[in-house]
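Visitor: So the protein sequences, as listed, match chains A and B.
Residues in the first sequence are numbered from 1 upward in steps of one, following my numbering.
Residues in the second sequence are numbered from 1001 upward in steps of one, following my numbering.
We put the beta carbon where it would ideally sit given N, CA and C, even for glycine.
Bear in mind that the values here come from a model prediction, so they are computed numbers and not experimental data.
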Amino acid sequence: MPDAAVSPGYGTLTALIVFILASLWLGALANRVVRKSSFVKGYFLGNRGLGAWALALTATVQSGGTFMGFPSLVYSHGWIVGLWIGSYMMVPLASFCVMGKRLAQLSRLTGAITVPDLFRQRFGSPALGLTASLFILFYMTSMMIAQFKAGATVMQIAWPGSGFLSLSEDAVFVGGMPTAYYVGLAVFSVTVIGYTLFGGFLAAVWTDLFQSVMMIIGVVILFFLAMKAAGGTEAATLAAVKSTGDGFAFGPGYAADGRQFLPLTLAMSFFFTWVYGGIGSPSALVRVMACKNTATIRRSVFLLSVYNSFIYIPLIMICVCGRALIPDLPPGKTDELIPRLAMLTTHDLFGGELLAGLILAAPFGAVMATVSSYLVVIASGIVRDVYQRFLNTEATPFELKRLTYCVMFLVGLVAVGFNISPVAYLQAVVVFSVTGTSSTFVVPAIMLAFWRRATVPGVLSAMIVGSVTVLALYLVGFASPDPMIGNITKFRPYFLGGIDPIVWGLATSLLAGVGVSLMTSPPPEKLISQLFDRQEPANVG
Amino acid sequence: MMAHENEDPVVTHSRREALGVLAAWLIAMTYTVTYCYVYGYDRKAADLKFLLGFPDWFFWGLVVPWTLCLGLSWLYAFYFMQDANLGDDRDEGFLDDDDLVGVPPSGGEPAKAGTPTGGHDHA
């Protein structure tokens, strides 16, 4: 097996810098396109021009968690994490087929540009639009802040002479973190905020597409390298079982402290988390609104299914090999498994440093893609849905553009500020954000798309009750003793009945939405007819 | 959510496609969680068997249904989902201020959502 104490060289950093420059170049190209169109629709929605590849490979919930938090779970708990992520087999179908076509139609019929815009226009309620904006800002900001740590960590790993791969940590420290971490944080932040600010939605989408291609290249290369180094998953599993215990190969998963990582109730819960997270994510919803036509949506379903199959199952196999190749990662370091494997499996190869950089581009790209798309949604929420709708309805495109740039810069600064002393539990924050947005938006979005009888108070109740349920369970969980199920983290919810809060959030949201709608006056038939019934061609556009 | 007499076919087809996916999700969840729980929990490594590099329970409980879902997505994409005209994109907003719930119209009457009139938008 390869030596675990290798150091990164300049080749790795060079590969990452080329990757960064390519992303900046795409941002500049996007800026040229945006300048040719109306600012708001071009900058926040890309003029509804997304094709199948762009929609498929950019509208998903892959993030820093996919390449940092998720591998950490496989390393820590074993094969059962496959069941934890298993519902990704349904994510492409659910993300695009449940509401994709209908939301794309409604956003055109109403002229909506953002998700809050769509709620406001569909129900004729500014209050609903504002409420949606506030929830989006809350959940997406928390998710985005967590991503910065992952971006900075990848740069830190690639930094020559950082001594990063030595578990004894002989690197220079400033304020609790190695200096290379802060350099990484600065480079990552300037890059991602820079290109997103420059090109808006299209920059986020184009770089996301480029980065998605890099992700799959990285996973495929690392798959072959890790399998070769570990002698295959069978040998790796047996080695891992020897150093951990039988639980590594079976459910409910291995845990050093004896907890049940995935009892039956949580296994069922995570079939809700990722599927409804895909349906209800505001950044995914807005990309469906931006697609060209229904053929785009159809093709995206299949493209994403193939893509996900080549990402998640190979990643599990890579991480099982990782447990055998690097058996002694301490608990705080398991997030770094993929970058460490990249360095470890390439350092004896010709051009290995460049190859390691290519593999590291996968986690770096996943993080940049998430941050850029969230930056656009957060900026559009503040500029379009709050400022333009409530504070200055006569704002000129120039004023909106200036404010958008300021908002992106400030949001980026806040995220950097939070990561001076970074969050400890990346995957837990990802799960919280996905759970929160799903419980807040899935039921209201389904009511918006398909239910004629849905009313403003009903949809408002569904949003608030779903969200409050999740927040309350997280607050109780934070204050309660460790139930010894689920992931090892202090940022954990209270698992009522052993079930994840997403199930309770969706259930209460559904009850509140349907119950309150039926108890309040039906919406005006004329408005509903315009959005649900056949129209004369002249009335459609 | 019953179909309306004069309902836009895009709404009808979208609802049908959505219900199909939700049914498939329910079946996938039931099979996968049940199979993995029955055959993949609390076993001993001594009786561990591998299929194509995967533990046996993982192969039958996850790899096989994942492959079936890949096939289903192909069927959905190329056979089941119907293309539709999504309509033209409105450059102007859909509602006037008078159509908004909770916003008093210029005449002072309490406002309710009503007829869309093409309104204004400062994009």
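Determine, for A:L24, whether the minimum Cβ-Cβ distance to residues of chain B falls below 8 Å.
Guide: Position 24 of the first sequence, counted from the first residue, corresponds to residue 24 of chain A. It does not: the Cβ of A:L24 has no partner Cβ on chain B nearer than 8 Å.
Visitor: Of the residues that make up the stretch 1016-1030 of chain B, which ones have a beta carbon closer than 8 Å to any beta carbon in chain A?
Guide: Under the 8 Å Cβ criterion, the stretch 1016-1030 of chain B contributes E1017, A1018, G1020, V1021, L1022, A1024, W1025, A1028, M1029.
Visitor: Closer than 8 Å is the cut-off here; do at least three beta carbon pairs connect the stretch 116-135 of chain A with the stretch 404-414 of chain A?
Guide: The stretch 116-135 of chain A, when compared against the stretch 404-414 of chain A, does not touch it at the 8 Å Cβ threshold.
Visitor: Let's see if you can read the secondary structure: which residues bound the alpha helix (DSSP H) around A:T14?
Guide: Working through the first sequence from its first residue, we reach residue 14 of chain A at position 14. 10-35 is the span of the alpha helix (DSSP H), which, as asked, contains A:T14.
Visitor: Sorted by chain position, which residues of the same chain lie with C-beta nearer than 6 Å to A:G27's C-beta, five sequence neighbours on each side aside?
Guide: If you number the first sequence from 1, residue 27 of chain A lands on position 27. Y195, F198, G199, A203, listed in sequence order.
Visitor: Helix, strand or coil for A:E399 per DSSP?
Guide: Within the first sequence, the letter at position 399 stands for residue 399 of chain A. Looking at A:E399 - three-state DSSP - the assignment turns out to be helix.
Visitor: Assign B:Y1079 to buried or exposed, taking buried as 16 or more other Cβ atoms, counted over all protein chains shown, within 10 Å of its Cβ.
Guide: Taking the first residue of the second sequence as position 1, residue 1079 of chain B is located at position 79. The residue is exposed, with fewer than 16 neighbouring Cβ atoms inside 10 Å.
Visitor: Cutting at 8 Å between CB atoms, please list the residues of its own chain near A:R259, excluding the five before and the five after it.
Guide: The sequence position of residue 259 of chain A within the first sequence is 259, counting from 1. If we look at A:R259 and ignore the five residues flanking it on each side, its Cβ neighbours are D482, M484, I485, G486, I488.
Visitor: Going by Cα to Cα distance, which pick from A:P524, A:L354, A:V430 is closest to A:A158?
Guide: As a working note, residue 158 of chain A is residue 158 in the first sequence. Ranking A:P524, A:L354, A:V430 by Cα distance to A:A158 puts A:L354 first.
Visitor: CB-CB under 6 Å to A:E169, same chain, minus the five flanking residues each way: which ones, in chain order?
Guide: Within the first sequence, residue 169 of chain A is the residue found at index 169, counting from 1. In this predicted model, A:E169 has a pLDDT of only 39, less than 50, meaning its place in the structure is not dependable; the value taken from the coordinates is given anyway. None.
Visitor: A:L134 versus chain B: which residues are under 8 Å apart at the beta carbon?
Guide: For the purposes of this step, residue 134 of chain A is taken as the residue at position 134 of the first sequence. By Cβ distance, chain B contributes nothing, its closest Cβ being about 16 Å from A:L134, past 8 Å.
Visitor: Return no unless some Cβ of chain A is closer than 8 Å to the Cβ of B:V1033.
Guide: Here residue 1033 of chain B is taken as the residue at index 33 of the second sequence, counted from 1. Output row for B:V1033: interface = yes.
Visitor: Does the beta-carbon distance from A:D533 to B:D1008 come in below 8 Å?
Guide: Walking along the first sequence from the start, residue 533 of chain A turns up at place 533. Walking along the second sequence from the start, residue 1008 of chain B turns up at place 8. It is a contact, given that the beta carbons lie within the stated cut-off.
Visitor: Could you tell me which chain A residues have their CB closer than 7 Å to the CB of B:L1051, listed as they occur along the chain?
Guide: By 1-based counting over the second sequence, the position of residue 1051 of chain B is 51. Neighbours of B:L1051 on chain A: none; closest Cβ ~10 Å, over 7 Å.
Visitor: Which value, in whole angstroms, describes the spacing of the CA atoms of A:M1 and A:M343?
Guide: Here residue 1 of chain A refers to the residue found at position 1 of the first sequence. Here residue 343 of chain A refers to the residue found at position 343 of the first sequence. In this prediction, A:M1 scores a pLDDT of 46, lower than 50, which makes its location untrustworthy; no coordinate-derived value is stated.
Visitor: Can you tell which of A:N308, A:F223, A:M317 has its C-alpha closest to the C-alpha of B:G1053?
Guide: Taking the second sequence and counting its residues from 1, one reaches residue 1053 of chain B at position 53. Looking at the Cα atoms, A:M317 is the closest of the given residues.
Visitor: For a test of the three-state rule: what should DSSP assign to B:Y1041, helix, strand or coil?
Guide: Working through the second sequence from its first residue, we reach residue 1041 of chain B at position 41. It is a strand residue.
Visitor: From A:P524 to A:P263, what distance separates their C-alpha atoms?
Guide: Translated into the one-based positions of the first sequence, residue 524 of chain A becomes position 524. Translated into the one-based positions of the first sequence, residue 263 of chain A becomes position 263. Computed Cα separation, rounded: 47 Å.
Visitor: Taking the CB atoms as reference points, tell me whether A:V320 and A:T244 lie closer together than 8 Å.
Guide: Translated into positions along the first sequence, residue 320 of chain A becomes position 320. Translated into positions along the first sequence, residue 244 of chain A becomes position 244. In this structure, A:T244 does not lie closer than 8 Å to A:V320 by Cβ.
Visitor: Taking one C-beta from the stretch 84-97 of chain A and one from the stretch 348-367 of chain A each time, how about it: are there three or more such pairs within less than 8 Å?
Guide: Judged by Cβ distances under 8 Å, the stretch 84-97 of chain A makes no contact with the stretch 348-367 of chain A, as fewer than three pairs qualify.
Visitor: In the DSSP assignment, find the alpha helix (DSSP H) that holds A:Y307 and state where it starts and stops.
Guide: As a working note, residue 307 of chain A is residue 307 in the first sequence. Start and end: 294-325.
Visitor: Using a Cβ-Cβ cut-off of less than 7 Å, give me the residues of the stretch 99-112 of chain A that come near chain B, in sequence order.
Guide: Those would be M99, K101, R102, A104, Q105, R108, L109, T110, G111, in chain order.
Visitor: Comparing C-alpha positions only, which one of A:A152, A:Y139, A:D246, A:V383 sits nearest to A:K41?
Guide: By 1-based counting over the first sequence, the position of residue 41 of chain A is 41. Among A:A152, A:Y139, A:D246, A:V383, the Cα nearest to that of A:K41 is on A:V383.
Visitor: Would you please verify whether the beta carbon of A:C321 is less than 8 Å from any beta carbon of chain B?
Guide: Locating residue 321 of chain A in the first sequence gives position 321, where the first residue counts as 1. Answer no: the Cβ-Cβ gap between A:C321 and chain B never drops below 8 Å.
Visitor: For A:V414, tell me which candidate among A:R402, A:S87, A:F350, A:I145 has the shortest Cα-Cα distance.
Guide: Translated into the one-based positions of the first sequence, residue 414 of chain A becomes position 414. It is A:I145 whose Cα lies nearest to the Cα of A:V414.
Visitor: If you follow the alpha helix (DSSP H) that A:F271 is part of, which residue opens it and which one closes it?
Guide: Residue mapping note: residue 271 of chain A aligns to position 271 of the first sequence, counting from 1. It spans 264-280 - the alpha helix (DSSP H) in which A:F271 sits, taken as one unbroken run.
Visitor: Can you give the beta carbon distance from A:G51 to A:T296, rounded, assuming they're within the 8 Å contact cut?
Guide: Residue numbering aside, residue 51 of chain A sits at position 51 when the first sequence is read from its first letter. Residue numbering aside, residue 296 of chain A sits at position 296 when the first sequence is read from its first letter. That belief holds up - the Cβ atoms of A:G51 and A:T296 are roughly 6 Å apart, short of 8 Å.
Visitor: With 16 as the cutoff for other CB atoms within 10 Å, does A:D348 come out buried or exposed?
Guide: To locate residue 348 of chain A, count along the first sequence from 1; it is residue 348. Burial call: exposed.
Visitor: Based on the DSSP output, what are the partners of A:C291 in its beta bridges?
Guide: Start at 1 with the first residue of the first sequence, and residue 291 of chain A comes out as number 291. A:C291 pairs with A:L50.
Visitor: On the criterion of 16 or more Cβ atoms from any shown chain inside 10 Å, does A:S421 qualify as buried, or is it exposed?
Guide: Locating residue 421 of chain A in the first sequence gives position 421, where the first residue counts as 1. Exposed, by the Cβ-count rule.
Visitor: Measuring only between beta-carbons, confirm whether B:F1059 sits less than 8 Å from chain A.
Guide: Stepping through the second sequence from its first residue, residue 1059 of chain B is reached at position 59. No, no contact with chain A.
Visitor: Quick one: grab the DSSP three-state call for B:E1017.
Guide: Position 17 of the second sequence, counted from the start, is the residue given in the question as residue 1017 of chain B. Note: B:E1017 maps to helix in three-state DSSP.
Visitor: Using a Cβ cut-off of 8 Å (strictly closer), state whether B:D1083 contacts chain A.
Guide: Taking the second sequence and counting its residues from 1, one reaches residue 1083 of chain B at position 83. So, interface residue.
Visitor: For the alpha helix (DSSP H) that contains A:A94, what are its first and last residues?
Guide: Along the first sequence, read from residue 1 onward, the residue named residue 94 of chain A stands at position 94. First-last of the alpha helix (DSSP H) with A:A94: 91-97.
Visitor: Considering only the beta carbon of each residue, do A:A150 and A:P330 sit closer than 8 Å?
Guide: By 1-based counting over the first sequence, the position of residue 150 of chain A is 150. By 1-based counting over the first sequence, the position of residue 330 of chain A is 330. For A:A150 and A:P330, no; Cβs fall outside 8 Å.
Visitor: Check this for me: beta carbons of A:A544 and A:C291, under 8 Å apart or not?
Guide: Shown here, chain A extends from 1 to 541; a query on residue 544 of chain A therefore has no answer.
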